[in-house]
Amino acid sequence: MTARVGADDLALLVLGLPFASFLLLALVRPLRRSAPAAAVVSIVAMALAFVAAFLTLQGSVRRGAAVSPSTTWSWIPADGGPMATVGVMVDELSMWMLLLVTLVSLLVQVYSWAYLADEPRSSLGRYYAYHSLFAFSMLGLVLSPTFLQMFIFWELVGLCSYLLIGFWYDRPAAARAAVKAFWITKLGDLGFVAGIVMLWSVTGTFDFWTLFTMGSMGTLPVEALPPIMFLIYLGAVGKSAQFPLHVWLPDAMEGPTPVSALIHAATMVTAGVFLVTRAFPLFRLTPDVLTLMAWVGACTALLAASMACVEADIKRVLAYSTISQLGYMMTAAGAGSPEAGFLHLLAHGVFKALLFLGAGIVIHVFHTNDVFRMGGLRRQAGVWLPFLIATLALAGVWPLPGFFTKEAILADVLEVRRWGPFVLLAVTAFLTAFYMFRVVFLAFFARPHGRRHGEPHVPLAMSAVCWLLGALTLALGLQQAFLSGHHEAGGPRWLPWLSLTLAGAGIALAWAMYHRGAIAPARVAALLGPIDWMARRRYGLDALFAGLYRGLLLALARLIGWIDRYLVDGVLNVLSAWTLRAGDRLRGLQTGQPQDYVYGVAFGALLLFVLAHWRLR
Amino acid sequence: MPLGAYLTLAALVFAIGLFGVLTRRNAVGILLGIELMLNAVNINLVAFARFHADLAGILFTLFTISITVAEVAVGLAIVIVIFRVRRTVEADHLDLLRG
Amino acid sequence: MGVIPFPVLSIITWAPFVGAVLIMFLARHRPLAVRLIALVTTAISVVLSVFIFVVYNREAAGFQFHEKYPLVPPLGIAYEVAVDGMSLLMVLLTSIIIFAGVFASWTVTTRSQEFYALLLALVTGVYGVFVSLDLFVFFLFYELAVLPMYLLIGIWGSSGQVRPRGIFGWAFRETGVGSKEYAAMKLTLYLLFGSAFILVGIFALYVSAGTGSFSFLELEASSFPPRLQFWVFLAFYVGFGILAGIWPLHTWSPDGHASAPTAVSMLHAGVLMKLGAYGVVRLGMGLLPDAAVELAWLVGGVACINVVYGALSAMAQTDLKYVIAYSSVSHMGLVMLGAATLTEAGLNGAVFQMFAHGVMTGLFFALVGLVYEKSHSREIFKMGGFGRSMPGIATAFTVGGLSSLGLPATAGFVAEILTFMGAWQSTHPWWLVPAIAGTFLTAVYVLRVTKQIFWGPPSPHFDHLVDARGPEWVALVLLTAVIVLFGMVPALAIGPVDTATVPLLIRLMKP
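Chains as they are written, first to last, in this note's numbering: chain Y, 195 to 811; chain Z, 2 to 100; chain R, 319 to 829.
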């Protein structure tokens with residue numbers, strides 16, 4: 195690294211590379227139409243961005259310097275100084291996110307090259323253009339020094355996920371899912387934008403640094419904060435798929451599998467958690483919102499886990515597991531320790547990417563998403579080991595990263611005596627282990643179902659990426675287990691044993707039910723009757739949203755449309771119809787005889803004379 | 002002669018013109034009536050100009066006369082066109098404007 | 319920047335008119351010559367608009383490029399033109415839209431000579447309104463901008479399908495709803511009804527000021543009694559508001575825009591509706607500060623209805639052109655809302671929204687025109703899967719739609735966020751709620767339409783669809799680029815606009 199390249203410059207480079215790649219792919223048509231070139235441009239840009247992100251982190255670690263206030267430029271000018279600024283804010287939080295985002299994006303892009311090899315060349319160019327834009331938006335979000343910039347990139351992230359979920363736009367299901375994702379997250383974003391606008395009008399700034407300084411100096415109008423922070427939190431609810439706005443995420447599985455990996459691991463759903471973490475100094479001032487956040491997070495975690503247990507589609511199981519883990523992260527933030535949530539986010543990003551990419555291979559092999567029609571994958575496609583590692587990590591088994599981060603969250607929740615969320619999260623931990631191993635046993639260990647089309651060939655790029663991520667997961671876990679010395683969760687002594695027991699129980703139950711066949715799944719379902727029934731129907735939430743949309747919104751629109759056309763405009767038409775009728779009646783006066791008119795004129799003149807004479811006298 | 006005499010003359014001419022316009026069947030006759038009415042106005046204008054010693058009235062009359070000429074030309078042209086198209090200039094038969 | 323040695327505003331204004339005259343006399347039966355003349359004359363306006371946009375002195379602010387020639391000195395009528403930051407942006411908008419409109423109507427075949435001549439004459443009127451400082455001449459230009467519409471829609475328009483129903487069904491049957499003649503008549507009558515109010519307002523101010531001058535600058539300097547201000551503001555609000563599509567006087571707009579030919583819809587929704595908003599801001603707020611403050615609740619309240627009601631109505635439509643037309647009603651509500659906030663952010667947002675919506679709706683109508691030309695249908699629910707055969711049009715439509723729903727990096731976002739900021743700061747913070755609800759509703763109907771038309775499996779009703787070609791691309795690329803450029807670098811527009819809105823607000827807030 196040469197002389198003194200500041201962290202801000204490097205961060206700008208990280209931001210600029212994917213954008214440049216997007217611009218190239220979007221504007222240069224030949225490049226876009228040729229798939230290999232497009233992929234190379236995008237992947238190379240992403241790789242460079244990853245290197246730059248790494249250097250940013252390393253440089254700052256070496257300098258050990260605290261973060262300086264962010265570099266900003268005026269974006270919306272106004273009379274007394276800019277009304278809004280844009281820039282980059284490089285601190286530890288954003289640097290780690292840069293690393294995660296660039297890493298996952300890079301790996302997913304490499305993987306996609308093999309996964310989508312059958313796509314027409316032109317749409318592959320489009321795919322990589324969207325990908326670059328997606329990475330750019332998420333990086334911009336991460337580096338935002340102001341709420342407004344964060345909102346800008348926040349929406350762009352939403353746009354990219356819309357475009358990528360709807361990548362196969364001629365499939366009706368994909369089109370529907372893309373639109374649904376956009377609408378539902380937009381609902382949350384309404385709160386976000388209202389919140390920042392209100393925050394701006396009470397403080398006069400969007401800038402995090404200024405706001406935090408005001409917060410620590412006590413010059414923030416605290417009494418105005420709770421509604422504002424609640425609204426901002428709504429944005430995070432939408433993006434991070436918290437109850438009740440989580441309904442878009444399972445449907446988003448209609449996109450290509452690598453896209454799901456990207457959305458779940460690094461770019462889209464993490465944005466909400468990142469927002470809460472970033473703005474935590476403000477959230478800290480509103481304990482009510484934090485309580486709500488913790489409860490909603492914990493409920494989301496449990497609800498999503500219960501739905502994952504009854505889902506047959508492997509990608510949807512993973513989607514619900516993401517929602518569930520996001521619930522963990524939000525609960526951590528709600529319990530006052532967003533750092534724990536953030537660490538879980540980073541770790542989860544790595545192994546969830548692996549899970550999805552692994553699931554992609556599984557789907558590639560079986561040509562189905564249904565776990566009950568898979569089986570016996572263990573012997574081929576060396577993917578099963580990394581997938582197992584990731585599953586163990588997600589289930590929270592020592593010494594994998596999920597274990598440590600989850601435990602840290604649980605410890606923090608305990609520390610603030612939030613017993614309700616704690617219990618919910620603990621049950622979720624059990625369910626997580628259960629549903630993940632249900633998938634593993636069904637997909638990898640069960641007897642093969644039916645015949646398969648020859649020997650499946652898994653491209654090298656795909657398996658290599660999985661192995662790499664598996665190794666990384668393992669390394670992260672081992673690093674935390676042995677190198678960082680004692681683990682600092684600080685919870686009570688029994689906590690690690692509790693979480694290990696829960697995970698073990700979940701695995702054992704899954705083994706008993708789906709591998710050994712000792713317990714018939716149907717009996718368990720019958721035992722849990724109503725819960726099973728509800729979970730299979732997704733607790734009616736999808737239906738509720740669909741009903742609101744059709745029954746309320748569209749009906750209201752139709753009503754207003756009818757009123758506008760036939761009442762508001764009707765009154766006008768009545769007026770004009772009356773005018774026409776009156777004209778019709780009066781028409782008889784027009785005889786067409788010039789002399790009749792002259793009579794009229796003469797008598798009129800006479801009348802005027804008489805009147806004038808009478809008035810004058 | 003007093004002003005009143007001129008005005009009476011003008012009023013008479015005007016009334017004759019108006020009578021013509023109202024009663025004639027033939028479009029040419031109607032035009033003639035209009036001419037009479039216009040000339041009655043001219044008489045008024047000139048008489049007032051003479052008695053108020055104001056040249057503007059006379060100037061105005063010159064304008065009116067020239068405009069009248071143009072008007073007669075246009076009016077007759079219209080009548081001729083009407084005759085060509087409808088084969089009649091009887092005002093009773095010309096009711097294209099009837100509502 | 320020194321004084322420009324030539325009357326730049328007059329050239330911008332009259333170049334299209336000269337083009338119209340040339341077309342009428344020189345290009346009989348030569349369609350290509352017609353288009354080339356139109357292209358050259360509008361290009362002159364575009365180039366000069368960009369030129370003045372660049373050289374406008376942002377430090378000095380105020381009215382620049384001033385020209386004044388007395389017309390009727392005894393009555394104080396003069397041809398006086400100049401631009402400030404606000405009209406500067408509007409002139410640029412007009413140039414962009416008409417330039418794109420010339421390309422968008424490249425395929426007009428019937429009587430293209432007359433069509434282009436009328437279109438260009440109309441544009442002169444629009445420019446004139448934005449640049450003139452003399453209210454009498456302002457009004458003349460205003461009428462010039464409104465009247466050719468009647469012919470343009472009545473002759474080159476297309477008829478829609480509106481079934482007369484409801485308790486007033488008999489009235490619809492009698493007025494002949496749905497035909498292009500009906501739409502043309504409705505639009506013209508409405509706008510003339512409005513301009514009567516405007517004329518009365520202008521004369522009231524002229525008489526009351528007693529300076530014997532129609533000059534905006536002189537009228538601005540005189541103060542009017544509150545009672546008069548109140549009534550004149552109302553007159554201006556109704557008069558200009560009709561053109562801006564305020565509820566419930568907006569119903570001309572869907573019918574008119576849906577029936578009008580492509581370029582006319584572009585120009586009308588893109589620019590003419592802005593004349594209305596511009597009139598309210600410039601004359602209403604500029605000349606009648608007390609009444610503007612007093613009646614802000616009315617302007618803002620009606621605007622809120624516009625936003626939500628327009629969006630819901632748009633959602634209910636099945637004809638693509640009607641959707642776009644109702645979205646204009648909704649967005650013009652946002653413009654008026656921003657203006658009614660009487661805050662710096664809100665007013666800048668309103669002016670920016672005028673620009674953003676102008677470009678965006680111009681793009682939309684250009685696209686609808688293209689889709690209609692290729693598929694011969696405007697029925698949304700018969701279309702489907704057009705994205706495969708016309709990716710370029712689909713992309714442009716998506717960009718327009720995203721701008722419409724206020725997605726960042728498009729011009730629409732900047733306008734909306736500024737309006738929101740203004741709304742919450744204003745004396746009626748609850749205006750924020752309908753404003754934000756409007757963006758969500760917009761997201762619903764825009765994406766729904768996009769999905770229906772361009773996504774999904776190809777519709778069985780259509781085959782052999784082709785993407786945009788040749789000159790058609792120019793309009794799409796130009797408008798899309800402007801939307802994105804101004805969305806990413808809003809300072810381009812906000813800079814000059816701010817120099818105009820801040821003095822206006824200072825005048826308003828003066829006790």
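Where is the CB? At the ideal position from N, CA and C, for every residue including glycine.
Determine the direct distance from the alpha carbon of phenylalanine 424 of chain Y to that of cysteine 622 of chain R, and round the result to whole angstroms. One-based indexing of the third sequence puts residue 622 of chain R at position 304. One-based indexing of the first sequence puts residue 424 of chain Y at position 230. Taking the straight line from one Cα to the other gives about 24 Å.
Measuring alpha carbon to alpha carbon, tell me which residue in R/Gly813, R/Ser405, R/Glu385 is nearest tyrosine 397 of chain R. As a first step, residue 397 of chain R is located in the third sequence; it is residue number 79 there, counting from the start. The shortest Cα separation from tyrosine 397 of chain R among R/Gly813, R/Ser405, R/Glu385 belongs to R/Glu385.
Extent of the continuous beta strand (DSSP E) to which serine 268 of chain Y belongs: Along the first sequence, read from residue 1 onward, the residue named residue 268 of chain Y stands at position 74. It spans 265-270 - the beta strand (DSSP E) in which serine 268 of chain Y sits, taken as one unbroken run.
Going straight from the alpha carbon of leucine 606 of chain R to that of valine 599 of chain R, what length do you get? Counted from its first residue, the third sequence places residue 606 of chain R at position 288. Counted from its first residue, the third sequence places residue 599 of chain R at position 281. Roughly 10 Å separates the two Cα atoms.
Leucine 23 of chain Z versus chain Y: which residues are under 8 Å apart at the beta carbon? By one-based count along the second sequence, residue 23 of chain Z stands at place 22. Under the 8 Å cutoff, chain Y gives Gln789, Val792, Tyr793, Ala796.
Hey, which unbroken runs of the alpha helix (DSSP H) at 4 residues or more fall wholly within the stretch 321-400 of chain R? 326-344, 349-373
Check the Cβ-Cβ distances between methionine 319 of chain R and every residue of chain Y, and say whether any is below 8 Å. Within the third sequence, numbered from 1, the residue matching residue 319 of chain R stands at position 1. At methionine 319 of chain R the pLDDT is 44, less than 50, meaning the model places this residue with poor confidence; the figure from the coordinates comes in the next sentence. Not one chain Y Cβ lies under 8 Å of methionine 319 of chain R.
Using DSSP bridges, identify the partner residues of aspartate 507 of chain Y. Numbered from its first residue, the first sequence carries residue 507 of chain Y at position 313. Y/Asp564, per the DSSP bridge assignment.
At a CB-CB cut-off below 8 Å, which residues of chain Y make contact with leucine 19 of chain Z? As a working mapping, residue 19 of chain Z is identified with position 18 in the second sequence. Within 8 Å Cβ-Cβ: Val792, Ala796.
Beta-carbon contacts of valine 368 of chain R that lie in its chain and below 8 Å, excluding the five residues immediately before and after: Here residue 368 of chain R corresponds to residue number 50 of the third sequence, with the count starting at 1. Leu410, Ser413, listed in sequence order.
So with Cβ pairs under 8 Å, would you call tryptophan 269 of chain Y a contact of chain R? Position 75 of the first sequence, counting from 1, holds the residue named residue 269 of chain Y. Yes, contact with chain R.
Near isoleucine 485 of chain R, what residues of its chain come up, given a Cβ to Cβ distance below 6 Å and the 5 sequence neighbours on each side ignored? Numbered from 1 along the third sequence, position 167 holds the residue referred to as residue 485 of chain R. Within the same chain, isoleucine 485 of chain R has no close Cβ partners at all.
By the DSSP assignment, the alpha helix (DSSP H) with threonine 773 of chain Y in it spans what residues? Here residue 773 of chain Y refers to the residue found at position 579 of the first sequence. Unbroken alpha helix (DSSP H) run through threonine 773 of chain Y: 763-780.
Among R/Met342, R/Val339, R/Phe521, R/Pro323, nearest to isoleucine 370 of chain R - alpha-carbon criterion: On the third sequence, residue 370 of chain R is found 52 positions in, with the first residue counted as 1. The candidate whose alpha carbon is nearest that of isoleucine 370 of chain R is R/Pro323.
Proximal residues, the stretch 735-769 of chain Y versus chain R, C-beta separation under 9 Å: Tyr743, Leu747, Leu748, Leu750, Ala751, Arg752, Leu753, Ile754, Gly755, Trp756, Ile757, Asp758, Arg759, Tyr760, Leu761, Val762, Asp763, Gly764, Val765, Leu766, Asn767, Val768, Leu769
I'd like to know whether the C-beta atoms of alanine 634 of chain R and methionine 739 of chain R end up nearer to each other than 8 Å. Sequence index remark: in the third sequence, residue 634 of chain R carries index 316 (1-based). Sequence index remark: in the third sequence, residue 739 of chain R carries index 421 (1-based). No. Outside cutoff.
According to DSSP, simplified to helix, strand and coil, what is threonine 427 of chain R? Taking the third sequence and counting its residues from 1, the one referred to as residue 427 of chain R is at position 109. Note: threonine 427 of chain R maps to coil in three-state DSSP.
Taking the beta strand (DSSP E) that alanine 278 of chain Y falls in, what are its first and last residues? As a first step, residue 278 of chain Y must be located in the first sequence, where it is residue number 84. Start and end: 278-282.
Name the two residues that bound the continuous alpha helix (DSSP H) containing glutamate 612 of chain R. Counted from its first residue, the third sequence places residue 612 of chain R at position 294. Glutamate 612 of chain R -> alpha helix (DSSP H) spans 607-612.
Assign threonine 667 of chain Y to buried or exposed, taking buried as 16 or more other Cβ atoms, counted over all protein chains shown, within 10 Å of its Cβ. The count along the first sequence starts at 1 and reaches residue 667 of chain Y at position 473. Buried is the call here.
Could you spell out the range, first to last residue, of the alpha helix (DSSP H) harbouring glutamate 461 of chain R? Residue mapping note: residue 461 of chain R aligns to position 143 of the third sequence, counting from 1. First-last of the alpha helix (DSSP H) with glutamate 461 of chain R: 453-464.
Chain Y partners of alanine 41 of chain Z, CB-CB under 9 Å? Here residue 41 of chain Z is taken as the residue at index 40 of the second sequence, counted from 1. Ordered by position in chain Y, no residue passes the 9 Å Cβ test against alanine 41 of chain Z, which lies about 13 Å from the chain.
Report buried or exposed for alanine 444 of chain Y, applying the criterion of at least 16 other Cβ atoms within 10 angstroms of its Cβ. Start at 1 with the first residue of the first sequence, and residue 444 of chain Y comes out as number 250. Per the sequence shown, residue 444 of chain Y should be read as proline rather than alanine. Buried is the call here.
Could one say the Cβ of tyrosine 322 of chain Y lies closer than 8 Å to chain R's Cβ atoms, at least one of them? Walking along the first sequence from the start, residue 322 of chain Y turns up at place 128. Output row for tyrosine 322 of chain Y: interface = no.
Comparing alpha-carbon positions, which option in R/Tyr434, R/Thr661, R/Val352, R/Val401 lies nearest glutamine 743 of chain R? Numbered from its first residue, the third sequence carries residue 743 of chain R at position 425. The option with the nearest alpha carbon to glutamine 743 of chain R is R/Thr661.
Kindly indicate which three-state DSSP category aspartate 816 of chain R falls into: helix, strand or coil? Within the third sequence, numbered from 1, the residue matching residue 816 of chain R stands at position 498. Residue state, collapsed to three classes: helix.
Give me, in chain order, the residues of the same chain whose beta-carbon lies closer than 8 Å to that of alanine 388 of chain Y; leave out the 5 immediate sequence neighbours on both sides. Reading the first sequence from its first residue, position 194 is the one you call residue 388 of chain Y. Correct list, in chain order: Leu425.
Which listed residue (Y/Ala719, Y/Leu456, Y/Pro715, Y/Leu287) has its alpha carbon closest to that of leucine 301 of chain Y: Indexing the first sequence from 1 puts residue 301 of chain Y at position 107. Checked all of Y/Ala719, Y/Leu456, Y/Pro715, Y/Leu287; the closest Cα to leucine 301 of chain Y is Y/Leu456.
Option in Y/Ser518, Y/Val804, Y/His651 with minimal Cα separation from alanine 495 of chain Y: Within the first sequence, the letter at position 301 stands for residue 495 of chain Y. Answer by Cα proximity: Y/Ser518.
From the beta carbon of alanine 11 of chain Z, is the nearest beta carbon of chain Y less than 8 Å away? The residue given as residue 11 of chain Z occupies position 10 in the second sequence. False, the Cβ-Cβ gap to chain Y never drops below 8 Å.
So glutamate 813 of chain Y contacts chain R; which residues on that side make the cut at Cβ distance below 7 Å? Because chain Y spans 195 through 811 in this model, residue 813 of chain Y falls outside it and cannot be assessed.
Look up serine 540 of chain R in the DSSP assignment and say whether it is helix, strand or coil. For the purposes of this step, residue 540 of chain R is taken as residue 222 along the third sequence, with counting starting at 1. Three-state result, serine 540 of chain R: coil.
Check whether chain Y comes within 8 Å of alanine 78 of chain Z, counting only Cβ atoms and requiring the distance to be less than that. Locating residue 78 of chain Z in the second sequence gives position 77, where the first residue counts as 1. Cβ-Cβ to chain Y under 8 Å: no for alanine 78 of chain Z.
On the three-state DSSP scale, how would you describe serine 777 of chain R? Position 459 of the third sequence, counted from the first residue, corresponds to residue 777 of chain R. Three-state result, serine 777 of chain R: coil.
Starting from the Cα of alanine 272 of chain Y, find the closest Cα among R/Thr359, R/Ala400, R/Arg376 and give me that residue. The residue given as residue 272 of chain Y occupies position 78 in the first sequence. It is R/Arg376 whose Cα lies nearest to the Cα of alanine 272 of chain Y.
Under DSSP, the alpha helix (DSSP H) around aspartate 758 of chain Y begins and ends at which residues? Taking the first sequence and counting its residues from 1, the one referred to as residue 758 of chain Y is at position 564. No alpha helix (DSSP H) holds aspartate 758 of chain Y; DSSP gives it neither H nor E.
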